[in-house]
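Some notes on the structure that comes next.
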Amino acid sequence: MNTTKQWPKRALILSRLLTRAFFSNNSTSTCSSPSPTFPLKHVTRSNFDSALVELRSHVRAADFVAIDLEMTGVTSAPWRESFEFDRFDIRYLKVKDSAEKFAVIQFGVCPFHWDSVKQSFIAHPHNFFVFPRQEIPLDGPSYEFLCQTTSMDFLAKYQFDFNACIHEGVSYLSRGQEDEARRRLKSLYEEQLVNSSHNLRETMDVPLVRVADVLFTERMKKRLSEWRDELLQNRSRGPQDQGASNDLNQQFQTVFFKMRPALSLNGFTSHQLSLIRMVIRKHFKDLVYVRFNGESSSQELVVFTDSESDKDKLVEEVKNEHYRSTEMKIHAAVGFRHVIDLLSSENKLIVGHNCILDIAHIHSKFLGPLPLTAEEFVSCVNKYFPNIIDTKILLNADNILQRRMKKSSTSLSSAFSLLCPEIAHGFKSKVQSSQPCVKVEVHVDEMRSSDWNSGAKHEAGYDAFMTGCVFAQVAGLQNFWVLISSESGFHGFYTRTLF
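Mind the numbering: the sequence shown is residues 42 to 540 in this note's numbering, read in order.
The structure is reproduced here in structure tokens:
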């Protein structure tokens with residue numbers, strides 16, 4: 042049965058372009074010399090920001106984007122393996138269990154763009170190392186995930202770089218984790234703001250039950266009073282004389298904060314800082330306690346203000362700066378999820394191979410907890426990624442493609458070798474396909490090439506490239522180019538095929 046008959050009527054057909062691509066001459070390399078290895082953009086947290094900017098332009102120009110994931114395991118128990126005779130709801134529960142327990146440690150993204158001048162596809166393979174860590178210092182448990190020994194041994198066999206993954210992998214926050222981090226940071230700041238204010242009834246004084254606390258508060262009251270009085274007396278002398286008020290023990294040091302004189306508090310315990318806040322609230326209406334979070338550490342300050350309006354202005358400035366700092370921290374902690382948001386917002390056709398588990402991992406790690414039922418899962422995925430095609434399903438469902446593959450395995454490597462031999466075996470191979478082969482040119486940074494040795498299988502970036510090549514070849518052989526939209530029946534197609 043030809044699966045193209047099942048696809049929506051609103052599918053867009055670009056067969057002429059692909060037909061011309063098949064019967065044109067093989068493309069020549071634009072490099073000065075052949076590349077000995079497959080060109081691949083490896084991305085870690087050290088070059089993530091620049092790679093994301095580059096990837097954004099490639100995705101926006103892409104006709105489709107191929108993806109592939111590498112995980113720390115597949116099945117947590119023998120009875121959770123998927124079988125052909127599983128009902129779709131049972132299979133989903135098995136996939137859900139796997140996606141919730143194992144981690145994604147590598148993510149391949151490969152945008153493909155059709156170049157009508159060169160009559161070939163331009164591929165931009167990216168290989169992201171991914172590793173979950175706590176980028177925002179908040180109380181709570183660290184990430185946990187299972188590792189399946191067979192999977193880890195399999196990755197090691199194919200020279201997976203575990204050091205790069207753990208030390209340099211890009212971390213991430215899901216959308217739910219991002220909201221929770223923003224809420225907790227905001228709550229933490231508001232709590233500090235309450236403790237810094239002298240006129241809020243909610244503020245509770247620290248009980249002075251120890252003689253040491255009583256003596257300390259009296260000493261702080263005297264020291265702050267002397268500093269404030271000295272400021273008022275010396276305001277006409279200029280800033281050069283004010284610097285002389287620095288305390289010799291360096292616990293108090295006069296600095297300037299937002300154009301206002303301030304005392305930097307150094308070497309105090311958290312309990313002592315609480316007592317200082319209480320002294321300021323009770324006895325000094327023109328002083329403000331501020332905790333300023335710098336890039337590497339926080340700083341405790343006592344800031345002098347001219348009036349109530351100046352004090353309110355300072356509090357507002359600190360508050361706004363804190364919110365900006367919070368957003369910057371969260372934006373950085375979101376990490377690799379920026380890539381997922383990009384793929385979702387651009388509404389591109391996503392192509393995977395046997396990708397139901399990949400999609401479940403994407404939902405679990407970057408969107409939110411997986412739904413309880415398969416129907417809810419389909420609905421959620423359709424909301425964020427309305428256009429998905431699985432190349433393994435295309436190969437299994439079409440008799441013509443099965444004959445072209447000589448009814449062999451529909452694994453990714455087999456499909457790539459049989460359908461795209463001239464691409465799969467690289468420029469050193471003399472393999473000539475009996476069928477016309479789509480042309481693909483790879484662009485990585487400033488390098489362009491259509492000649493290379495075979496890449497590293499089971500490296501996510503290369504597997505994503507193979508997936509995209511298989512899809513382009515299938516599209517050409519079947520004389521179609523499909524973009525499935527949610528309005529034209531994607532929901533039904535998805536539920537009939539992925540489970």
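From the three backbone atoms N, C-alpha and C, an ideal C-beta is built for every residue, glycine too.
C-alpha gap between residue i and residue j, whole angstroms
i: residue 481; j: residue 152; result: 12 Å
i: residue 270; j: residue 225; result: 39 Å
i: residue 462; j: residue 228; result: 58 Å
i: residue 171; j: residue 518; result: 35 Å
i: residue 222; j: residue 91; result: 25 Å
i: residue 120; j: residue 186; result: 19 Å
i: residue 295; j: residue 265; result: 12 Å
i: residue 378; j: residue 458; result: 32 Å
i: residue 501; j: residue 219; result: 26 Å
i: residue 83; j: residue 505; result: 13 Å
i: residue 258; j: residue 249; result: 9 Å
i: residue 357; j: residue 408; result: 34 Å
i: residue 385; j: residue 424; result: 9 Å
i: residue 154; j: residue 99; result: 8 Å
i: residue 316; j: residue 253; result: 11 Å
i: residue 136; j: residue 400; result: 10 Å
i: residue 393; j: residue 145; result: 16 Å
i: residue 450; j: residue 515; result: 16 Å
i: residue 89; j: residue 405; result: 22 Å
i: residue 325; j: residue 362; result: 24 Å
i: residue 453; j: residue 435; result: 12 Å
i: residue 366; j: residue 327; result: 26 Å
i: residue 97; j: residue 380; result: 8 Å
i: residue 486; j: residue 95; result: 9 Å
i: residue 184; j: residue 141; result: 12 Å
i: residue 437; j: residue 182; result: 43 Å
i: residue 343; j: residue 331; result: 6 Å
i: residue 208; j: residue 353; result: 44 Å
i: residue 372; j: residue 256; result: 45 Å
i: residue 261; j: residue 138; result: 58 Å
i: residue 148; j: residue 420; result: 24 Å
i: residue 350; j: residue 274; result: 22 Å
i: residue 267; j: residue 305; result: 15 Å
i: residue 311; j: residue 195; result: 50 Å
i: residue 105; j: residue 389; result: 6 Å
8 Å contact criterion, which residue i and residue j should meet: CB distance rounded
i: residue 483; j: residue 164; result: 5 Å
i: residue 107; j: residue 509; result: 3 Å
i: residue 391; j: residue 428; result: 6 Å
i: residue 112; j: residue 143; result: 5 Å
i: residue 197; j: residue 85; result: With a Cβ gap of about 19 Å, residue 197 and residue 85 do not count as contacting.
i: residue 189; j: residue 115; result: 6 Å
i: residue 211; j: residue 376; result: 5 Å
i: residue 346; j: residue 329; result: 6 Å
i: residue 418; j: residue 133; result: 6 Å
i: residue 213; j: residue 178; result: In fact, because the Cβ distance is near 17 Å, the residues do not count as touching under 8 Å.
i: residue 110; j: residue 503; result: Contact doesn't hold; Cβ gap of about 13 Å is too wide.
i: residue 432; j: residue 456; result: 7 Å
Burial state of residue i, where buried means 16 or more other Cβ atoms lie within 10 Å
i: residue 166; result: buried
i: residue 297; result: exposed
i: residue 200; result: exposed
i: residue 191; result: exposed
i: residue 302; result: buried
i: residue 323; result: exposed
i: residue 126; result: exposed
i: residue 87; result: exposed
i: residue 300; result: exposed
i: residue 360; result: exposed
i: residue 414; result: exposed
i: residue 430; result: buried
i: residue 479; result: buried
For residue i, three-class secondary structure by DSSP
i: residue 206; result: helix
i: residue 542; result: In this structure the chain extends from 42 to 540, so residue 542 is not present and cannot be described.
i: residue 139; result: helix
i: residue 88; result: coil
i: residue 126; result: coil
i: residue 431; result: strand
i: residue 188; result: coil
i: residue 200; result: coil
i: residue 144; result: coil
i: residue 95; result: helix
i: residue 110; result: strand
i: residue 104; result: coil
i: residue 177; result: coil
i: residue 82; result: strand
i: residue 478; result: coil
Subject >> 4-residue-minimum alpha helix (DSSP H) runs that sit fully inside the stretch 363 to 413, ordered along the chain >> reply: If we require 4 residues or more, the alpha helix (DSSP H) runs fully inside the stretch 363 to 413 come out as 378 to 387, 397 to 403.
**OP:** Output the residue ranges of the alpha helix (DSSP H) runs that lie fully inside the stretch 293 to 366 and measure 4 residues or longer, sorted by chain position.
**Re:** 311 to 324
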